[in-house]
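Report on the following structure.
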Amino acid sequence: MSQYDIIIIGAGALGSATAYHAARQGLRVLLLEQFEFDHGRGSSHGASRIIRYAYNREIYVQMAALAFAGWRNFEQESGQKLMHPTGGLDFGPRGEPHFEAMLTALTAQQIPFELMSADEGMKRFPQFRFDDDFAVLYQADASVLEASKCVLTHLNIAETYGAALVQNAAVTYLNATPSSVTVVANGVTYSADRLIVTAGAWANQVLAHLNLQLPLQPVRCQENYYDFGHPKAFEVGNFPVFIAHLLSEYGYMYMPYGLPSVNGSGVKLSLHGGPPYDPETADRTPDTQLIETMLAFAARYFSKPAIRHINSRLCLYTMTPDEDFIIDRHPEFSNVIIGACCSGHAFKFSHLIGDFLTKMATDQTLDFNLDAFKLSRFDTSEYR
Ligand SMILES: Cc1cc2nc3c(=O)[nH]c(=O)nc-3n(C[C@H](O)[C@H](O)[C@H](O)COP(=O)(O)OP(=O)(O)OC[C@H]3O[C@@H](n4cnc5c(N)ncnc54)[C@H](O)[C@@H]3O)c2cc1C
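Position 64 (the sequence shown) corresponds to 64 in our numbering; numbering is contiguous.
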């Protein structure tokens, strides 16, 4: 008999949420993490992540509705405050196609928003300075999730439901049959009926054991925290999350974004993207040029410049070519489920995706169509 019903590899946002959902269903769950829990070398550590409806694709707006509800329920169950409403802005030159697509998607999904001129936007949010030709979208539900706290709370509650959580346990060998999996970590062999791979940027190292490679590219990202001298005006609840649609200045792959200060962290400013990155070998020293780039952004688009750079830390995105996730079964082993390639925007959905992955692993019916995240949209023969 298998020791576990489900083994999960990787305890980032996705793996920790999956462990919670699976254990809550009464399954025998083992979660293996190669580093310590909430380490900073993957994608899920840190003070804050954005959760928002403002997407240019309806599927993500629909998922956001489920995600908001899921986090609220989880806050109630865990007794922890994880999500802080603060409102969200998207701004940029009027007519920019991604911005327009966002208005269309929000309207189609009946999500309320306000569309303002640059002047109206600056009156409402005096921390910003917008160009005359900017459109400013405000969506009131946008919130900040306390990232590390979300991961740790999922782990804590999973454990109370009986999940076995093992850190510093890198999976070094893996074998699967259609009805069982064998996994070796730290010289210990574990077996289960099902496997869920939530290994982030390392997914291909894990899946190589099962003759599968995903079309993924880890990229280097950097969170930069700044002090603007008026802590209250920039604290969560008083300052919105924002995305600047400044394609001609920064390009689509490097859109500037920002989050309010959370528990005194300072305002987070960054670019949505970065150069290719190898999490095993790369230098983790923050890029001083990027710190300056974000200071220059603030000098141009904030009403007052930052008075101080507080700190920066590296993080990584694991991108697919189309920036959509991979949530699917292994093509050969249907008892192996993959949740990966989060493309820099899955934290908000992690509680929800954990539920999807658990239901897939236990052959339950999903009431959400995940075809957009299937592996078959890529020519996987290229990646084998
Ligand atoms: C700077 C930054 C800002 C972001 N902002 C947002 C945002 O505002 N909103 C949003 O929704 N998303 C955001 N994201 C994206 C989001 O954080 C990620 O999509 C999400 O955290 C990915 O989680 P994951 O579990 O897939 O990956 P990870 O967190 O990397 O977890 C994978 C885990 O698997 C473990 N692992 C790998 N191989 C093995 C092995 N062989 N054995 C055992 N364990 C293994 C790794 O150590 C790691 O802990 C941001 C990401 C970054 C980096």
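Note that CB positions come from ideal geometry on N, CA and C, so glycine has one too. Computed from a predicted structure; not experimentally measured.
Residue interval of the alpha helix (DSSP H) (run including residue i)
{"i": "Asp-119", "result": "118-124"}
{"i": "Gln-391", "result": "Summary: the structure shown does not reach residue 391, with the chain confined to residues 1 through 384, and so no result is reported for it."}
{"i": "Asp-250", "result": "As written in the sequence, residue 250 is Tyr, which differs from the Asp given in the question. Per DSSP, Tyr-250 belongs to the alpha helix (DSSP H) from 247-250."}
{"i": "Tyr-301", "result": "288-301"}
{"i": "Ile-353", "result": "350-361"}
{"i": "Pro-97", "result": "97-108"}
{"i": "Leu-210", "result": "Counting along the chain, Leu-210 falls outside any alpha helix (DSSP H), and DSSP gives it neither H nor E."}
Helix, strand or coil at residue i according to DSSP, with G and I counted as helix
{"i": "His-309", "result": "strand"}
{"i": "Phe-35", "result": "coil"}
{"i": "Asp-132", "result": "coil"}
{"i": "Lys-268", "result": "strand"}
{"i": "Cys-341", "result": "coil"}
{"i": "His-84", "result": "strand"}
{"i": "Gly-10", "result": "coil"}
{"i": "Val-61", "result": "helix"}
{"i": "Ile-157", "result": "helix"}
{"i": "Ala-244", "result": "strand"}
{"i": "Leu-165", "result": "strand"}
{"i": "Pro-231", "result": "helix"}
{"i": "Leu-375", "result": "helix"}
{"i": "Val-236", "result": "strand"}
{"i": "Thr-320", "result": "coil"}
{"i": "Tyr-55", "result": "coil"}
{"i": "Tyr-138", "result": "strand"}
{"i": "Asn-204", "result": "helix"}
{"i": "Val-336", "result": "strand"}
Sequence-distant residues of its chain with Cβ nearer than 8 Å to residue i (five each side left out)
{"i": "His-45", "result": "Asp-38, His-39, Ala-147, Ser-148, Val-151, Cys-315"}
{"i": "Met-1", "result": "No answer about Met-1 holds up, because its pLDDT of 45 lies below 50 and its placement is not dependable."}
{"i": "Arg-24", "result": "Ile-157, Ala-158, Tyr-161"}
{"i": "Pro-276", "result": "Gln-217, Pro-218, Val-219, Arg-220"}
{"i": "Arg-384", "result": "Residue placement at Arg-384 is flagged as unreliable, the pLDDT there being 47, under the threshold of 50; the coordinate-derived value follows with that caveat. If we look at Arg-384 and ignore the five residues flanking it on each side, its Cβ neighbours are Asn-211, Leu-212, Gln-213."}
beta-carbon residue i near ligand 1 non-hydrogen atom, thresh 7 Å
{"i": "His-345", "result": "yes"}
{"i": "Lys-149", "result": "no"}
{"i": "His-39", "result": "yes"}
{"i": "Gly-200", "result": "yes"}
{"i": "Gly-15", "result": "yes"}
{"i": "Ala-169", "result": "yes"}
{"i": "Tyr-250", "result": "no"}
{"i": "Lys-348", "result": "yes"}
{"i": "Tyr-317", "result": "yes"}
{"i": "Phe-356", "result": "no"}
{"i": "Ile-9", "result": "yes"}
{"i": "Gln-34", "result": "yes"}
{"i": "Gly-42", "result": "yes"}
{"i": "Gln-205", "result": "yes"}
{"i": "Gly-12", "result": "yes"}
{"i": "Ser-270", "result": "yes"}
{"i": "Glu-223", "result": "yes"}
{"i": "Ala-340", "result": "yes"}
First through last residue of the beta strand (DSSP E) which encompasses residue i
{"i": "Met-255", "result": "255-259"}
{"i": "Asp-328", "result": "326-329"}
{"i": "Leu-174", "result": "171-177"}
{"i": "Ser-191", "result": "188-197"}
{"i": "Thr-182", "result": "180-185"}
{"i": "Val-144", "result": "143-145"}
{"i": "Ile-50", "result": "49-51"}
Same chain only: Cβ atoms within 7 Å of residue i, ignoring 5 sequence neighbours per side
{"i": "Ser-303", "result": "Pro-126, Gln-127, Phe-128, Arg-129"}
{"i": "Gln-3", "result": "Tyr-190, Ser-191, Ala-192"}
{"i": "Asn-56", "result": "His-98, Ala-101, Met-102, Ala-105"}
{"i": "His-21", "result": "Gly-354, Asp-355, Thr-358"}
Beta-carbon proximity list for residue i, same chain, < 6 Å, skipping 5 on both sides
{"i": "Leu-357", "result": "Thr-18, Ile-196, Ile-337, Gly-339"}
{"i": "Ser-350", "result": "Ala-13, Leu-14, Ala-17"}
{"i": "Ala-201", "result": "Pro-218, Pro-279, Leu-316, Thr-318"}
{"i": "Pro-286", "result": "Gln-222, Ser-312"}
{"i": "Glu-249", "result": "none"}
Proximity test, residue i beta-carbon vs ligand 3 heavy atom, cut-off 7 Å
{"i": "Arg-49", "result": "Absence of ligand 3 is noted for the structure shown, with ligand 1 being the only ligands found."}
At a cut of 8 Å, does the segment 232-247 reach the segment 257-264 through at least three beta carbon pairs?
Yes: the two stretches touch, three or more of their Cβ pairs being nearer than 8 Å.
Count the C-beta pairs between the segment 48-55 and the segment 71-88 that are closer than 8 Å, then say yes if the count reaches three, no if not.
They touch, by the three-pair rule.
Check whether the segment 318-329 touches the segment 370-379, counting contact only when three or more Cβ pairs, one atom from each stretch, lie closer than 8 Å.
Between the segment 318-329 and the segment 370-379, the count of C-beta pairs closer than 8 Å reaches three or more; the two stretches touch.
Segment contact, 8 Å Cβ cut-off, at least three pairs: the segment 107-114 with the segment 67-81
Judged by pairs of C-beta atoms under 8 Å, the segment 107-114 does not touch the segment 67-81, as fewer than three such pairs exist.
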